[in-house]
Amino acid sequence: MAVADRIVSTKQENVSSISVFAVAEPNRSTRDLTEENVAFVWFQMLSEILVQMPQLPTARDEMLEEWRQACHIGHDQTNIIKEFCRDYNPKKALYWYTRDTDLYKLLNKALRTENVDNIYKFRFFIVDLHRQLTELFQTSVPINHVLTVYRGQRMTIREVEHLRRNHYGLISMNSFISTSISKKVTEEFLAQSSKEKQEKTVAVLFKMTLRADVARQTDKPFANIRKFSSYPKEEEILLSMGTIFRIDEIEQRSSDFFYFELTMCIGNTDPQHKALYDYAKEEIACAKKMSYSTYGKFLALMSNFDSSIAYYRQVLSQVPNQLQLNKTDLATIYNDFAYAYRDSHRYQEALEYYQKALEIREKQGPAHEEDLATTYSDFGWLLMNMGDVQKALDFHQRALKIREKILGLNNGDTAMSYNCIGLAAVYIGDFDRALNCLEKALAIRRCCLAAYHPYTAMSYSSLGSYYETLSENFQKKNMRDKAVEYCSRALDMHKQALLIYKRSVPPTHGILGNSYASVGSIYLDQGQFQEAIEHLTACAVIRRKRGGSGLLHILSRLGQAYSEQGKYQQAINSYQEALSIAQKNDNNTLVAQLKANIERCKRNLS
Numbered sequence: 021m022a023v024a025d026r027i028v029s030t031k032q033e034n035v036s037s038i039s040v041f042a043v044a045e046p047n048r049s050t051r052d053l054t055e056e057n058v059a060f061v062w063f064q065m066l067s068e069i070l071v072q073m074p075q076l077p078t079a080r081d082e083m084l085e086e087w088r089q090a091c092h093i094g095h096d097q098t099n100i101i102k103e104f105c106r107d108y109n110p111k112k113a114l115y116w117y118t119r120d121t122d123l124y125k126l127l128n129k130a131l132r133t134e135n136v137d138n139i140y141k142f143r144f145f146i147v148d149l150h151r152q153l154t155e156l157f158q159t160s161v162p163i164n165h166v167l168t169v170y171r172g173q174r175m176t177i178r179e180v181e182h183l184r185r186n187h188y189g190l191i192s193m194n195s196f197i198s199t200s201i202s203k204k205v206t207e208e209f210l211a212q213s214s215k216e217k218q219e220k221t222v223a224v225l226f227k228m229t230l231r232a233d234v235a236r237q238t239d240k241p242f243a244n245i246r247k248f249s250s251y252p253k254e255e256e257i258l259l260s261m262g263t264i265f266r267i268d269e270i271e272q273r274s275s276d277f278f279y280f281e282l283t284m285c286i287g288n289t290d291p292q293h294k295a296l297y298d299y300a301k302e303e304i305a306c307a308k309k310m311s312y313s314t315y316g317k318f319l320a321l322m323s324n325f326d327s328s329i330a331y332y333r334q335v336l337s338q339v340p341n342q343l344q345l346n347k348t349d350l351a352t353i354y355n356d357f358a359y360a361y362r363d364s365h366r367y368q369e370a371l372e373y374y375q376k377a378l379e380i381r382e383k384q385g386p387a388h389e390e391d392l393a394t395t396y397s398d399f400g401w402l403l404m405n406m407g408d409v410q411k412a413l414d415f416h417q418r419a420l421k422i423r424e425k426i427l428g429l430n431n432g433d434t435a436m437s438y439n440c441i442g443l444a445a446v447y448i449g450d451f452d453r454a455l456n457c458l459e460k461a462l463a464i465r466r467c468c469l470a471a472y473h474p475y476t477a478m479s480y481s482s483l484g485s486y487y488e489t490l491s492e493n494f495q496k497k498n499m500r501d502k503a504v505e506y507c508s509r510a511l512d513m514h515k516q517a518l519l520i521y522k523r524s525v526p527p528t529h530g531i532l533g534n535s536y537a538s539v540g541s542i543y544l545d546q547g548q549f550q551e552a553i554e555h556l557t558a559c560a561v562i563r564r565k566r567g568g569s570g571l572l573h574i575l576s577r578l579g580q581a582y583s584e585q586g587k588y589q590q591a592i593n594s595y596q597e598a599l600s601i602a603q604k605n606d607n608n609t610l611v612a613q614l615k616a617n618i619e620r621c622k623r624n625l626s
């Protein structure tokens with residue numbers, strides 16, 4: 021493929037996906053996370069994982085199989101694939117990227133559509149391409165070099181308007197980007213493309229300021245690839261995938277032409293970008309090291325549980341014949357495999373793999389005690405979900421003992437153990453111990469975590485559950501004033517948790533759905549039906565996307581809220597959706613109850 025076709029993208033298969041991270045408006049330091057902002061950070065994480073994690077032995081074969089499958093659909097490239105198999109080595113990655121083959125198109129399509137599973141199939145080539153570009157950058161680009169390059173692209177009016185609305189925001193072109201140092205050449209290519217323009221598109225010229233210091237800090241290299249290109253006479257500056265820019269200037273120079281000035285920058289200078297990025301790294305343990313388990317944990321964190329489970333199965337299927345793992349790495353895979361099963365509510369499978377992880381880690385000795393505490397804590401969460409509270413409490417106490425010894429009191433993991441012990445104490449009715457542990461966890465987290473960290477929200481949510489339980493107990497004792505007082509405290513805690521979750525976790529995260537449910541349920545019990553409907557509806561939206569058994573209860577509560585408000589048709593709709601789920605689960609008692617609720621609403625309608 022000629023360099024002109026890469027520098028000026030007009031064909032759909034060559035157009036780069038542009039992600040936008042909207043920064044906070046002036047005088048507004050925080051805002052709720054949007055799906056687009058989350059996707060932006062997720063792609064940054066994926067880029068980092070793919071180029072740093074160890075490769076599976078089958079990575080090359082998986083990419084070749086995808087390439088061969090494409091040949092059956094499109095034109096035959098069998099001979100080219102044979103040549104690749106015979107001649108390819110990592111030093112030829114740039115050559116094969118610039119060559120006119122389907123490999124370039126397939127890679128670019130996977131990156132453009134941001135389909136994680138498809139991108140992963142090309143990790144073998146992505147890694148080699150990034151490494152060769154990095155080597156070239158390190159040997160040819162001075163440390164503080166600043167370079168201006170240009171790129172042309174045809175975009176829809178909607179895409180351009182979206183960029184204009186995010187002036188001074190961050191953008192990331194989610195593929196390897198070809199650019200030119202010549203503005204004149206790029207404008208000529210862009211003008212030529214305008215003669216063949218697609219319907220409802222406009223020409224866009226990007227002026228990009230590249231900074232070598234930023235590239236080194238973010239591991240997003242760029243370099244002139246002429247010496248390694250299949251078109252050695254062309255001057256082409258290639259940028260690594262996921263390079264972040266700030267939108268500095270926007271001009272509309274005609275009805276069909278827009279001009280953007282971009283400056284290469286570090287994404288995590290934005291507080292919300294940094295908070296979400298740091299949280300994601302913390303959850304998947306990227307801050308410690310990349311391992312074979314990292315990609316699977318990343319998928320689970322994205323709530324892509326089926327892909328996560330499939331990945332772990334693939335890894336374990338290659339042990340020990342193709343892939344040799346030490347005991348530490350194997351235990352990590354077992355533990356994280358269990359995490360994917362646990363958070364997708366497949367508890368028996370999670371139990372099996374937590375036990376496998378424990379079997380290894382309990383024999384490893386003092387050097388691995390921190391990892392052992394992680395498995396104790398995660399296993400405790402599972403047992404809580406399965407209703408074995410006393411056994412869960414035992415595991416959380418074991419984790420706390422290790423963490424206090426190794427990590428000390430003022431540590432996020434230690435706070436997690438206190439939080440879990442506090443929740444277990446609530447369930448068994450040990451309220452003094454529960455409050456002591458939950459308040460201690462919150463104090464630690466407020467001291468050592470960011471203000472809008474999800475784990476701080478967890479502490480508020482846990483305290484909300486504590487006060488809810490006390491309120492229910494006072495209600496049973498006919499102590500109404502006390503019940504109302506503690507219900508109000510519970511609502512305050514859950515609302516504080518929800519405020520933080522909305523600003524710190526993805527908008528489809530299960531924990532955000534749980535927070536909406538907690539607030540909505542209290543509003544319902546208090547007779548504040550409109551507020552209950554708003555929060556329960558938000559929870560239902562999340563749970564529909566994630567699946568699992570939690571949707572049934574929320575729909576039933578939502579039907580109740582609509583019914584209490586006299587909105588009987590909406591109540592019927594909610595009850596009927598709940599009924600279809602209950603019938604699939606063979607829950608005869610609930611089926612009968614939901615049918616009765618539906619009939620009552622129908623009578624009220626008539």
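Numbering (our numbering), first residue to last: 21 to 626. Quick reminder that beta carbons are idealized off the backbone N, C-alpha and C, glycines included. Since we're looking at a predicted model, the values are computed, not measured.
Counting only beta-carbon separations shorter than 8 Å, does residue i have a partner in chain D?
{"i": "residue 188", "result": "The structure shown has no chain D; it contains just one protein chain."}
Three-state secondary structure (DSSP) at residue i?
{"i": "residue 625", "result": "helix"}
{"i": "residue 206", "result": "helix"}
{"i": "residue 272", "result": "strand"}
{"i": "residue 76", "result": "coil"}
{"i": "residue 40", "result": "strand"}
{"i": "residue 200", "result": "strand"}
{"i": "residue 603", "result": "helix"}
{"i": "residue 60", "result": "helix"}
{"i": "residue 288", "result": "helix"}
{"i": "residue 345", "result": "coil"}
{"i": "residue 46", "result": "Here the model assigns residue 46 a pLDDT of 48, short of 50, so the residue's position is not dependable and the matter cannot be decided."}
{"i": "residue 303", "result": "helix"}
{"i": "residue 529", "result": "coil"}
{"i": "residue 491", "result": "helix"}
{"i": "residue 106", "result": "helix"}
{"i": "residue 609", "result": "helix"}
{"i": "residue 34", "result": "Low local confidence applies: a pLDDT of 46 at residue 34 is under 50, so the model's placement there is unreliable, with the coordinate-based value given in what follows. Here residue 34 sits in coil by DSSP."}
{"i": "residue 53", "result": "coil"}
{"i": "residue 385", "result": "coil"}
{"i": "residue 339", "result": "coil"}
{"i": "residue 253", "result": "coil"}
{"i": "residue 586", "result": "coil"}
With the cut-off set at 8 Å, would you say residue i and residue j are in Cβ contact?
{"i": "residue 639", "j": "residue 269", "result": "Any question about residue 639 goes unanswered here, given that the chain covers just 21 to 626."}
{"i": "residue 318", "j": "residue 304", "result": "yes"}
{"i": "residue 402", "j": "residue 367", "result": "yes"}
{"i": "residue 188", "j": "residue 226", "result": "no"}
{"i": "residue 625", "j": "residue 614", "result": "no"}
{"i": "residue 284", "j": "residue 229", "result": "yes"}
{"i": "residue 510", "j": "residue 542", "result": "yes"}
{"i": "residue 199", "j": "residue 257", "result": "yes"}
{"i": "residue 190", "j": "residue 264", "result": "yes"}
{"i": "residue 453", "j": "residue 437", "result": "no"}
{"i": "residue 592", "j": "residue 621", "result": "yes"}
{"i": "residue 514", "j": "residue 482", "result": "no"}
{"i": "residue 64", "j": "residue 385", "result": "no"}
{"i": "residue 114", "j": "residue 245", "result": "yes"}
{"i": "residue 157", "j": "residue 75", "result": "no"}
{"i": "residue 61", "j": "residue 282", "result": "no"}
{"i": "residue 629", "j": "residue 559", "result": "The displayed coordinates of the chain run from 21 to 626. Any statement about residue 629 would go beyond what the structure contains."}
Round the Cβ separation of residue i and residue j to the nearest angstrom and send it over; I've been treating them as touching at under 8 Å.
{"i": "residue 430", "j": "residue 458", "result": "With 8 Å as the limit, residue 430 and residue 458 do not qualify as a contact, their Cβ atoms being about 17 Å apart."}
{"i": "residue 153", "j": "residue 260", "result": "6 Å"}
{"i": "residue 522", "j": "residue 52", "result": "4 Å"}
By DSSP's criteria, residue i is part of a beta bridge. Which residues make up the other side?
{"i": "residue 227", "result": "170, 281"}
{"i": "residue 222", "result": "175"}
{"i": "residue 264", "result": "192"}
{"i": "residue 258", "result": "198, 243"}
- request: Counting only runs of 4+ residues fully inside the segment 440-482, write out the alpha helix (DSSP H) ranges in chain order.
  value: Taking only runs of at least 4 residues, the alpha helix (DSSP H) segments lying wholly in the segment 440-482 are 451-468.
- request: May I have a chain-ordered list of the beta strand (DSSP E) segments no shorter than 3 residues that lie completely inside the segment 137-192?
  value: Fully enclosed beta strand (DSSP E) runs of 3 or longer: 166-176.
field: In chain order, each beta strand (DSSP E) run of at least 3 residues that lies wholly inside the segment 388-435
entry: Within the segment 388-435, no complete beta strand (DSSP E) run reaches 3 residues.
task: Could you tell me which uninterrupted alpha helix (DSSP H) segments, each at least 4 residues in length, are contained entirely in the segment 533-566, listed from first to last along the chain?
output: Runs of the alpha helix (DSSP H) inside the segment 533-566: 549-566.
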